[in-house]
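Protein chains in written order, with the numbering used here: chain A, 227 to 367; chain B, 227 to 367. Beta carbons: idealized from backbone N, C-alpha and C, even for Gly. Please read these numbers as outputs of a predicted model, since none were measured by experiment.
Number of protein chains: 2
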Amino acid sequence: MAEYPANDFTIRPIGRVESPLASTADAPRQGDEGAPEAYLILNSDVLAGLEGIAVGDVIIVLTWLHQADRSILRVHPRDDLSRSEQGVFNTRSSSRPNPIGLHRVRVLGIDGLRVRVSDLEAIDGTPIVDLKPVLGSIEER
Amino acid sequence: MAEYPANDFTIRPIGRVESPLASTADAPRQGDEGAPEAYLILNSDVLAGLEGIAVGDVIIVLTWLHQADRSILRVHPRDDLSRSEQGVFNTRSSSRPNPIGLHRVRVLGIDGLRVRVSDLEAIDGTPIVDLKPVLGSIEER
């Protein structure tokens with residue numbers, strides 16, 4: 227059976243995370259499991275893209291989990307060996323073919339290219355790929 | 227000020243969308259604004275990653291919006307010229323430096339590498355980058 231032509235695409239990071247979390251061993255599994263405040267350090271060439279983001283907003287940060295193993299397709303959820311292996315697409319494991327992290331955070335402060343956010347489990351130096359607003363109800367869009 | 231070294235990363239799609247939506251002109255702006263059912267056609271080499279996904283699950287599909295203009299940093303929200311321009315990171319516009327789409331859908335059927343889903347506004351042929359479960363409460367993880 228013919229497969230879709232395997233066109234690849236290039237991610238060019240728009241910034242990086244600055245965090246007290248030095249390694250994944252220090253990091254909680256999800257942002258709401260005790261993750262610290264952190265800074266999003268954006269590149270100067272994307273400054274115009276931040277316009278309209280305000281303190282108090284809840285946003286989705288997309289990262290590239292640069293330490294992930296992209297060859298893994300099955301994992302024990304939360305590294306718990308008592309749980310049966312699952313396909314990575316049924317887990318939030320960082321191990322997956324395209325290791326994009328999704329992080330829901332609140333904006334605590336904005337100073338030019340430095341955005342302070344709550345509850346980010348990504349480690350120091352993690353490349354940032356995109357920022358998106360959380361969608362409100364249809365009437366609010 | 228020194229910028230983060232611009233390491234790029236390569237997205238290798240894991241499949242593509244099969245949809246009655248032939249072009250973005252036909253597509254609603256968001257999945258919950260009248261988007262049709264569609265199929266996720268996964269590549270055979272990621273089959274093991276699907277294990278555990280079941281009919282009825284709500285999942286997040288990440289796509290690469292391959293027709294997007296990556297050079298745009300400011301847009302009128304929803305192409306409504308009566309609204310002031312915003313930074314793309316404060317909108318869900320497909321125009322953005324790394325055009326990754328986030329789509330929340332329900333799994334309606336699974337047949338090997340073909341996954342039928344609800345409410346997908348991505349057009350026919352859109353590359354699929356990742357699938358993730360929606361996170362439940364902390365107790366359910």
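Quick check: is the beta carbon of residue i nearer than 7 angstroms to any beta carbon in chain B?
i             : result
residue 238/A : yes
residue 234/A : yes
residue 287/A : no
residue 350/A : no
residue 300/A : yes
residue 362/A : no
In terms of residue numbering, what span does the beta strand (DSSP E) encompassing residue i cover?
i             : result
residue 303/A : Taken as a continuous stretch (DSSP letters only), residue 303/A belongs to no beta strand (DSSP E), as it is neither H nor E.
residue 252/A : Unbroken run through residue 252/A: none, as it is neither H nor E.
residue 315/B : Taken as a continuous stretch (DSSP letters only), residue 315/B belongs to no beta strand (DSSP E), as it is neither H nor E.
residue 273/B : First-last for residue 273/B: undefined, no H or E at that position.
residue 244/B : 241-244
residue 286/A : 284-290
residue 237/B : 235-237
Under the criterion of a Cβ to heavy atom distance below 6 angstroms, does residue i qualify as lining the ligand FAD?
i             : result
residue 280/A : Summarising the ligand content, the structure contains no ligands, and the ligand FAD is consequently not present.
Give me the DSSP bridge partner(s) of residue i.
i             : result
residue 343/A : 264/A and 333/A
residue 351/A : Residue 351/A pairs with nothing; no bridge assigned.
residue 247/B : According to DSSP, which records beta bridges pairwise, residue 247/B is partnered with nothing at all.
residue 327/B : 289/B
residue 356/A : 288/A
For residue i, would you say it is in contact with chain A, using Cβ-to-Cβ distances shorter than 7 angstroms as the test?
i             : result
residue 279/B : yes
residue 359/B : yes
residue 356/B : yes
residue 275/B : yes
- Task: Specify whether the region 277-295 of chain A and the region 241-255 of chain B touch according to this definition: at least 3 beta carbon pairs, one from each stretch, less than 8 angstroms apart.
- Result: no
- Query: Should the region 313-321 of chain A be regarded as contacting the region 337-351 of chain B, the criterion being three or more beta carbon pairs within less than 8 angstroms?
  - Reply: no
- Give a yes or no on contact between the region 294-309 of chain A and the region 323-332 of chain B, applying the rule of three or more CB pairs nearer than 8 angstroms. Not touching, per the Cβ criterion.
- Item | Interface positions of the region 312-325 of chain A facing chain B (Cβ-Cβ less than 9 angstroms), listed along the chain | For the region 312-325 of chain A, which is checked against every Cβ of chain B, the residues closer than 9 angstroms are 312, 313, 314, 315, 316, 317, 318, 322, 323, 324 and 325.
- Mind the definition here: the region 261-270 of chain B touches the region 285-296 of chain A only if three or more C-beta pairs lie below 8 angstroms; say whether that holds. no
- Message: Which residues of the region 246-267 of chain B have a Cβ closer than 9 angstroms to any Cβ of chain A? Give them in chain order.
- Response: 255, 256, 258, 259 and 267
- Query: So, do the region 255-264 of chain B and the region 337-346 of chain B have three or more beta carbon pairs nearer to each other than 8 angstroms?
  - Reply: yes
- Message: By the 8 angstroms beta-carbon criterion, what residues does the region 330-345 of chain B contribute toward chain A?
- Response: Residues passing the 8 angstroms Cβ filter: none.
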